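Inspection log for the structure reproduced underneath, given as structure tokens.
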Amino acid sequence: MLMAYFFKKGKLSPAYEDPVYPSGDLEKNSRSLDGDRLLKGTRLKLVIIITAIVMGIEVVGGFLTNSLALLSDAGHMLTHLFALGMSFFAIVLAARPVTKEKTYGFYRAEVLVAFVNGIALLFIAAFIFYKAIFRVISPQSVAELEMLLVAILGLAANVAGIFLLSGVGRGDINVRSAFIHLIGDTAFSGAVVLGGLIIYYTGNFIIDPLISILICGLILI
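Shown next, in the form of structure tokens:
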């Protein structure tokens, strides 16, 4: 009634706009959020593709070079790839509205991502530790040069992923989580490269399973 009174008296124009939340600003903010979400999704997809390709190369390279360190790094990349995929999926779900059937909201998907990824990491760490113990007891030869080249490729892929996700994870727990995973992956790949260098120059093959145990410990931390 009060608003109708002011309209009749000419106090307010029918085109009155809230000065605190102008419609133009709301539209701009909406477009900005959509563009930001699209950028995050695109970057995540690129990182997923790069990670999947390099993971496959590390698996093949691990078997061909007999390097448990490469296979361990590939196993960790698998969990990381899963985490990236779930982060991307959570971003897609978070863009959808809450429904009556899903009253807790799609934003809660990030909690499920963290839980499932944590369980997967525990299983991978147990497998790495089991295999590495046998290699420490009975070291096996490794094609050190080929192992080193594959490890360098893995390190380069992780650095590229960090570059792609840097600056786009502000305010988004899923992208931020993926970025942190990439930093961890880079540390793992760096350890494998270091191990490859030591093996190449010293011929001490026990370094390979020791690096695997190191990766296992970092996963559990």
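First residue of the sequence shown: 4, per the numbering used here; consecutive thereafter.
Backbone N, C-alpha and C define an ideal beta-carbon position, used for all residues, glycine too.
Values in this document were obtained by computation on a predicted structure and should not be read as measured data.
Beta-carbon proximity check, residue i vs residue j, cutoff 9 Å
| i | j | result |
| --- | --- | --- |
| L223 | A194 | no |
| I131 | S75 | yes |
| L71 | R179 | no |
| K48 | F91 | yes |
| A129 | P212 | no |
7 Å Cβ shell around residue i - same chain, five flanking residues per side excluded
| i | result |
| --- | --- |
| T54 | M80, H83, L84, L87, A160 and G164 |
| E147 | G199, I202 and Y203 |
| T205 | none |
Residue environment, residue i, which counts as buried when at least 16 other CB atoms sit within 10 Å
| i | result |
| --- | --- |
| F182 | buried |
| T45 | exposed |
| I122 | exposed |
| N207 | exposed |
| S169 | exposed |
Inter-residue Cα distance where the pair is residue i and residue j
| i | j | result |
| --- | --- | --- |
| E149 | E61 | 11 Å |
| I127 | L42 | 31 Å |
| A154 | L125 | 23 Å |
| T68 | I140 | 19 Å |
| I209 | V95 | 45 Å |
| I56 | G157 | 10 Å |
| I176 | Q143 | 42 Å |
| V162 | F118 | 26 Å |
| L115 | M89 | 9 Å |
Cutoff 6 Å; reference residue i; Cβ partners in own chain excluding five residues on either side
| i | result |
| --- | --- |
| D21 | Because the pLDDT of D21 is 47, which lies under 50, any placement of that residue in the model is unreliable, and the number read from its coordinates should be weighed accordingly. Once the five neighbours on either side are set aside, D21 has no close Cβ partner at all. |
| G64 | L73 and V153 |
| C219 | A128, I131 and F132 |
Neighbourhood of residue i by C-beta distance below 8 Å, restricted to the same chain and skipping five residues each side
| i | result |
| --- | --- |
| G78 | I127, F130 and I131 |
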